[in-house]
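Visitor: First the structure, which I've put down as structure tokens, then a few questions once you've had a look.
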Amino acid sequence: MFEAKLQQGVIFKKIVDAIKDLVKSVNIDASTSGLSMQAMDSAHVALVSLKLNENGFKDYRCDRPITLGLSIENLSKILKCAGNDDTITLQTDEEEPSSLKFFFENQQASKISEFSLNLMSLDSESLGIPDTDYSSVIQMSSAEFSRICKELSSISETVEIETSKESVKFSVQGDIGAGSITVKNNQSDKDVDRVDLQIDQPVKLTFALRYLNMFNKAVSLSSTVSLNMSEENPLMVEYKIDDLGSLRFYLAPKISD
Amino acid sequence: MKQSSLLSFFGNV
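Protein chains in written order, with our numbering: chain A, 1 to 257; chain H, 1001 to 1013.
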């Protein structure tokens, strides 16, 4: 028996919206400790990693580990039928399920919707991601990071991110010209202004803005985002989801020819 | 510059 009930079903809707442009199908692994998922885009440039802890769910039961192979597009179609204030319950009784049941219930418990999504058997393509002590960690407003990436992507396809003890600089060079946006360390009480820089070693890395813009679809999951970088390593962009877990994106850097 | 692949950083499990 597997059953997971999310009080705020809208969070699940937002997660699926945030990854649906990046990955087409995913294996969700359910275990006693919660749900996890890892999937790469078809070009193997970006990876999404989701972890939801069992104690973040209103009800959670998983008697034995199961893998749920899902088409994100089809999952998205079913989740469109859930209201933003609904609870969402995932359920299956089978040991090797061929479908996953969904229950959506509104706050007044006056409307209950029930759907079943056919599952797929997917080759798992799990990568071992080493635990990394990142040499530059930036925590800032997710909306502000999203705005910067969006603005710069009209000038260039790539952005160079350079950290120093005091600031992080986003630079672009394109056919029409060049520019940069520098964000300084700022210990404001307001989330929207706050910028936390933990710089052990400065880094300078270049990334494709197209992917960063896709990651930023997760902006509504968290008011802050953390950018974790080490020289010659993939960027890790993390959105923490309150008590539930985290949504992480990894992006391979652009390297010199 | 060229785009690198995640496969060159992370190993298969």
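Think of the CB as a built atom: it goes at the ideal place given N, C-alpha and C, for glycine as much as any other residue.
What you are looking at is a predicted structure, and each value in this text was computed from that prediction instead of being measured.
#1: Give the C-beta separation of V225 of chain A and S142 of chain A to the nearest angstrom, bearing in mind that I take them to be a contact with Cβ-Cβ under 8 Å.
#2: Whose C-beta lies closer than 6 Å to the C-beta of S180 of chain A among residues of the same chain, with five residues either side of it excluded?
#3: Taking C-beta to C-beta, are N228 of chain A and S146 of chain A nearer than 9 Å?
#4: Who are the neighbours of S171 of chain A on chain H, taking C-beta pairs under 8 Å?
#5: Just list the residues that DSSP pairs N52 of chain A with in beta bridges.
#6: Nearest to D175 of chain A by CA position, among A:S156, A:K184 and A:E160, is which residue?
#7: Please classify V192 of chain A: is it buried, with 16 or more other beta-carbons within 10 angstroms of its beta-carbon, or exposed?
#8: Which residues bound the beta strand (DSSP E) around N228 of chain A?
#9: Output the distance between the C-alpha atoms of L1007 of chain H and S230 of chain A, rounded to the nearest integer angstrom.
#10: Tell me whether the beta-carbon of D86 of chain A lies closer than 9 Å to the beta-carbon of G9 of chain A.
#11: Taking the alpha carbon of A46 of chain A as the point to measure from, which residue in A:L221, A:A208 and A:S256 has its own alpha carbon closest?
#12: Under 8 Å from any heavy atom of the ligand NAP, does the C-beta of S246 of chain A make it?
#13: Going by the CB atoms, is the gap between K24 of chain A and A218 of chain A shorter than 9 Å?
#14: Straight-line CA distance for F115 of chain A to E105 of chain A?
#15: By a C-beta neighbour count over all protein chains shown, 10 Å radius and 16 as the cutoff for buried, is I28 of chain A buried or exposed?
#16: Would you decide whether I148 of chain A is buried or exposed? Buried here means 16 or more other CB atoms lie within 10 Å of its CB.
#17: Going by C-alpha to C-alpha distance, which of A:E151, A:L70 and A:D200 sits closest to S136 of chain A?
Guide: The relevant details are as follows:
#1: 4 Å
#2: K169 and S171
#3: no
#4: Per Cβ cutoff of 8 Å: no residues; S171 of chain A is ~13 Å from chain H at best.
#5: Residue identity check: residue 52 of chain A is Leu in the sequence provided, not Asn. DSSP lists A:L35 and A:G245 as partners of L52 of chain A.
#6: A:S156
#7: exposed
#8: T224 to M229
#9: 17 Å
#10: yes
#11: A:A208
#12: For the structure depicted, the ligand NAP is absent and the ligand set is empty, with no information on it obtainable.
#13: no
#14: 12 Å
#15: buried
#16: buried
#17: A:D200
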